[in-house]
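Undergrad: Chains as they are written, first to last, in the numbering used here: chain A, -18 to 94; chain B, -5 to 108.
(1) What whole-angstrom Cβ distance do residue 93 of chain B and residue 76 of chain A have, given they're in contact under 8 Å?
(2) Strictly under 9 Å for the Cβ-Cβ distance: is residue 46 of chain A near chain B by that measure?
(3) My assumption, with CB atoms under 8 Å, is that residue 104 of chain B sits in contact with residue 3 of chain B. Please give the rounded CB distance.
(4) With DSSP as the reference, please indicate the residues paired to residue -7 of chain A in a beta bridge.
(5) Could you check whether the region 8 to 26 of chain B touches the region 39 to 59 of chain A, counting it as contact only if at least three pairs of C-beta atoms, one from each stretch, sit closer than 8 Å?
(6) Per DSSP, residue 58 of chain B forms a beta bridge with which residues?
(7) At 7 Å on the CB atoms, spell out the chain B contacts of residue -14 of chain A, in chain order.
(8) With burial defined as no fewer than 16 other Cβ atoms inside 10 Å of the residue's Cβ, what is the status of residue 31 of chain B: buried or exposed?
(9) Closer than 8 Å by C-beta to residue 82 of chain A: which residues in its own chain qualify, once you throw out the five before and the five after it? Chain order, please.
(10) Going along chain C in order, which residues have a C-beta closer than 7 Å to the C-beta of residue 44 of chain B?
(11) Counting only Cβ-Cβ distances shorter than 7 Å, please list the residues of the region 11 to 37 of chain B near chain A, keeping chain order.
(12) Residues in the region 42 to 66 of chain B with C-beta within 9 Å of chain A's C-beta atoms, listed in sequence order?
(13) Going by C-alpha distance, which of A/86, A/-4, A/85 and A/70 is nearest residue 20 of chain A?
(14) One question on the structure: do residue 37 of chain B and residue 84 of chain A come within less than 9 Å of each other, judged by their Cβ atoms?
(15) For residue 87 of chain A, count the other beta carbons within 10 Å of its own beta carbon; 16 or more makes it buried, fewer makes it exposed. Which is it?
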């Protein structure tokens, strides 16, 4: 089965600094990859998804992610962090005709003023 | 737009008690899912329903049962609750099977089993 590994359970950045959240995937077939964000006491919301159309994917709130097959990575970035970006972020993978989306353990992002 | 609605929001059970978590979606989605979220473990799939009338086990189905009541509703039942089932439960839906189709989540049910 496919899986994802998120490197770093906690990441702390200063407001205005670059955000980099790391995700590596394992899949025997071309994967579909997702980033979700979870704010306190809420469900997960889709940030962006990769479905093989383009390797650089732009999402909501200024986030983007790049699919790198050679590195089996799908890292999430944002050039300039804002206080409202503080949340938990989950990377997820699925494949075609598979109803089992697998999630990483999550990375909690803290933004310092 | 309500999206995915879960009830109740919070629940405390004693070991051995039973309960049903309710989920309804108003987006005309075909597929529905139940996940549990535990600290440091991300979300794990309990059961899913690819379409009305079908249900299948996910990664951690033991101790749970589900019912796809109709296209809108998908319930999760704990027949005899155990402390290991203390968790936050999320219902989700998608247009179809998850290949490329993102999940839409409810706000969760926080369950404590004492």
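Using N, Cα and C, we set each Cβ at its ideal position, and we do this for glycine too.
TA: To lay it out plainly:
(1) Counted from its first residue, the second chain places residue 93 of chain B at position 99. Counted from its first residue, the first chain places residue 76 of chain A at position 95. Going by Cβ atoms, the distance from residue 93 of chain B to residue 76 of chain A rounds to 6 Å, so yes, they are a contact pair.
(2) Residue numbering aside, residue 46 of chain A sits at position 65 when the first chain is read from its first letter. With 9 Å as the cut-off, residue 46 of chain A does not count as an interface residue toward chain B.
(3) Residue mapping note: residue 104 of chain B aligns to position 110 of the second chain, counting from 1. Residue mapping note: residue 3 of chain B aligns to position 9 of the second chain, counting from 1. That pair is a contact at about 7 Å.
(4) As a working mapping, residue -7 of chain A is identified with position 12 in the first chain. Partner(s): A/91.
(5) no
(6) Residue numbering aside, residue 58 of chain B sits at position 64 when the second chain is read from its first letter. Looking at the DSSP assignment, residue 58 of chain B forms a beta bridge with B/72.
(7) For the purposes of this step, residue -14 of chain A is taken as residue 5 along the first chain, with counting starting at 1. Those within 7 Å of residue -14 of chain A in chain B number zero; the least Cβ separation is about 10 Å.
(8) The sequence position of residue 31 of chain B within the second chain is 37, counting from 1. The residue is buried, with at least 16 neighbouring Cβ atoms inside 10 Å.
(9) Indexing the first chain from 1 puts residue 82 of chain A at position 101. Cβ neighbours of residue 82 of chain A beyond the five flanking positions: 15, 73, 74 and 75.
(10) Structure shown: chain C not included; protein chains present are A and B.
(11) 25, 34, 35, 36 and 37
(12) 42, 43, 44, 50, 52 and 53
(13) Locating residue 20 of chain A in the first chain gives position 39, where the first residue counts as 1. Nearest C-alpha to residue 20 of chain A: A/70.
(14) Taking the second chain and counting its residues from 1, the one referred to as residue 37 of chain B is at position 43. Taking the first chain and counting its residues from 1, the one referred to as residue 84 of chain A is at position 103. Yes; because the gap between Cβ atoms is below 9 Å, this pair is in contact.
(15) On the first chain, position 106 is the one that residue 87 of chain A refers to. Residue 87 of chain A comes out buried.
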